Amino acid sequence: MKISKPELIRKINRKLVLDVIRKNPLCTKSYISKKLGCSRQTVSIIVSNLNDEGLVLKNGIGESTKEGGKKPALVEFNPKAGYIIGSMLGRSSIGAILTDLNANIIVEKAIPNSIESGHKAIISNMVKLFEEIIKESEIEKKKLLGVGIGVQGIVSPNDGIVVALPHYPDWINIPLVNIIKDELGCEVFIDNENRMRGYGEKWFGLAVNTDDFLTIYAKEGLGAGVFINGKCVMGRNFLSGEIGHIRLDADGPDCVCGNKGCFESLVNVARIRQIFNEKSGLDEFRDSLLVKKFKDNNLEIMIEELFDYFYKGDNLAKLIVDEISYWFGIGISVISSVIDPGLIIIHGPYSFGGDYFKKKVIENAEKNFLLNISKEVNIVYSKLEKKAVLIGSASIVLEKVL
Ligand SMILES: [Zn+2]
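All residue numbers for the sequence shown refer to our numbering, where the first residue is 7 and numbers rise by one.
Encoded structure:
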């Protein structure tokens, strides 16, 4: 369907006006028109339409100007105008939240998942889960604006197809969006988990006021969600953000992809355990509490635990944190050279790295730039934590529908 130019302009203006109202509780129409540089009349028409849709409430009377005159009406976003579902298809569980339009969670639920059970059984379980949370929330089904689903693999978001989920035996070119849409009768959107994290940051996280940013998640694997000019970057083959296999060290550790020294293989949890195994027998670490806890005890270090021991002053933990932060910095400098983001948001267990880790990563990234543009590297830890993908999957519905 081709959208005519005036219709497109109307759509863009509507989005912009709604965005200002969402971000500025109780504002006036003249504030909106000043902020956007468009006429009072245009703003009035859009606000009136949004009011008819229930998305904006006229709420109270503001202060009159210094010159006096009629007091202006205040407008406000109505988060109860609709509801959204955000979900995550994980290998061992499927999670979902039902929220209002401000991402306030009304119902949250998770069910176990077995990738061996095949796509038909998994999709049928997803539908059941969505129906259950709609029922429990007691919302009217017609108020559900849509469902967002984050997956761990390659998707073609525009045609709603899951192209491939590694590790899952039979997920090749599955038209997930159409299947779920037919069952639930509402809009459905999919994307990979890293882009969902980005949508979550854009709508409800640290990138609310930033147009150019990326999220980085690292644990076993490593991936990014890339946003430029406020839009999620997909790439021709939907592979944008697959930064884990950029080779940083030709002599580095083996990577699952068959190469050596990929970004992922230099900073993931497997690398932490590898460095630990290489160094834990050395005399200089004989008093290390990390060694006492994890050597010969069949326990595997988690990233959060590494930082716990580091901040307790453990010398082996420091060696590992220093090495990981070195490669993290190099990786970030490479990506920053390409897209120059205003903000880099770390997700997952590395968001527990604290001030030292962040400082080291920034230092190492800045050292690797050819020019002295170090002040540009701005790294923060996500505050969305474990719900990042769920919140992001709910946010993609707002991105597409509002
Ligand atoms: Zn690799």
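We put the CB at the ideal spot given by N, CA and C, even for glycine.
These figures come from a predicted structure and were not determined experimentally.
Nonlocal neighbours in the same chain, by C-beta distance under 7 Å from residue i, ignoring five residues either side
i	result
K389	G211 and L212
P181	G166 and I167
V407	L151, G152 and E193
K41	V26
G101	S93, M94, A116 and L396
E248	G229
E114	I103
N374	G335, I336 and S339
P347	D218, F219 and L220
A323	L296, L312, Y315 and F316
E138	K115
E189	V133
D255	G267 and L272
S36	R46 and P78
E142	V113
V49	V23, K35, I38 and S39
Neighbourhood of residue i by C-beta, 6 Å cutoff - its chain only, sequence neighbours within 5 removed
i	result
M240	S246
D176	G124 and H125
G236	D217
I352	I222 and Y387
R364	It should be noted that the sequence gives Lys, not Arg, for residue 364. Correct list, in chain order: I385.
F358	E310 and F313
L22	L42
C263	H251
G398	M202, R203, Y205 and G206
I330	V273
G231	N200, R201, R203, G204, T221 and G247
Enclosing alpha helix (DSSP H) for residue i [first to last residue]
i	result
I129	G124 to S143
F210	E199 to F210
G398	A394 to V407
N431	Past the edges of the chain, shown from 7 to 408, lies residue 431, and the structure says nothing about it.
K41	K35 to L42
V273	F269 to V273
Start-to-end residues for the beta strand (DSSP E) that takes in residue i
i	result
G229	L228 to I234
N375	Going by the sequence as given, residue 375 is Phe instead of Asn. Counting along the chain, F375 falls outside any beta strand (DSSP E), and DSSP gives it neither H nor E.
V23	Taken as a continuous stretch (DSSP letters only), V23 belongs to no beta strand (DSSP E), being part of the alpha helix (DSSP H) at K11 to K29.
I160	I160 to S162
V157	L150 to V157
Y174	Element bounds for Y174: n/a, residue is neither H nor E.
T216	From DSSP, T216 is part of no beta strand (DSSP E); its letter is neither H nor E.
I111	I111 to P118
A170	I167 to A170
V383	Per DSSP, V383 belongs to no beta strand (DSSP E) and is neither H nor E.
C-beta neighbour in chain B for residue i, strict 7 Å
i	result
Y315	Protein chains in the displayed structure number just one, and chain B is not present.
8 Å CB neighbourhood of residue i in its chain, flanking five on each side removed
i	result
N55	R20
I186	I129, M132, V133, F136, V153, I155 and V194
I178	V169 and A170
V62	L24, I27, V53, L56, V81, E82, F83 and N84
N110	P85
R279	E306 and I307
N119	L95, G96, R97, S98, S99, I100, I128 and N131
If we require 3 or more residues per run, which beta strand (DSSP E) segments fall completely within the segment 279 to 355?
349 to 353
Residues around ligand 1, please: the condition is that the C-beta lies closer than 7 Å to some non-hydrogen atom of it.
G250, H251, C261, V262, C263, N265, C268, E270 and S271
Which ranges would you report for the beta strand (DSSP E) in the segment 55 to 108 if only whole runs of at least 3 residues count?
Taken in chain order, the whole beta strand (DSSP E) runs of length 3 or more contained in the segment 55 to 108 are 62 to 67, 79 to 83, 89 to 95 and 99 to 106.
Is the number of C-beta pairs between the segment 297 to 316 and the segment 197 to 205 that are closer than 8 Å three or more?
no
Segment contact flag, the segment 256 to 266 with the segment 212 to 225, C-beta cutoff 8 Å, min 3 pairs
no
Decide yes or no for the touch test of the segment 294 to 304 against the segment 338 to 348: beta carbon pairs closer than 8 Å, at least 3 of them.
no
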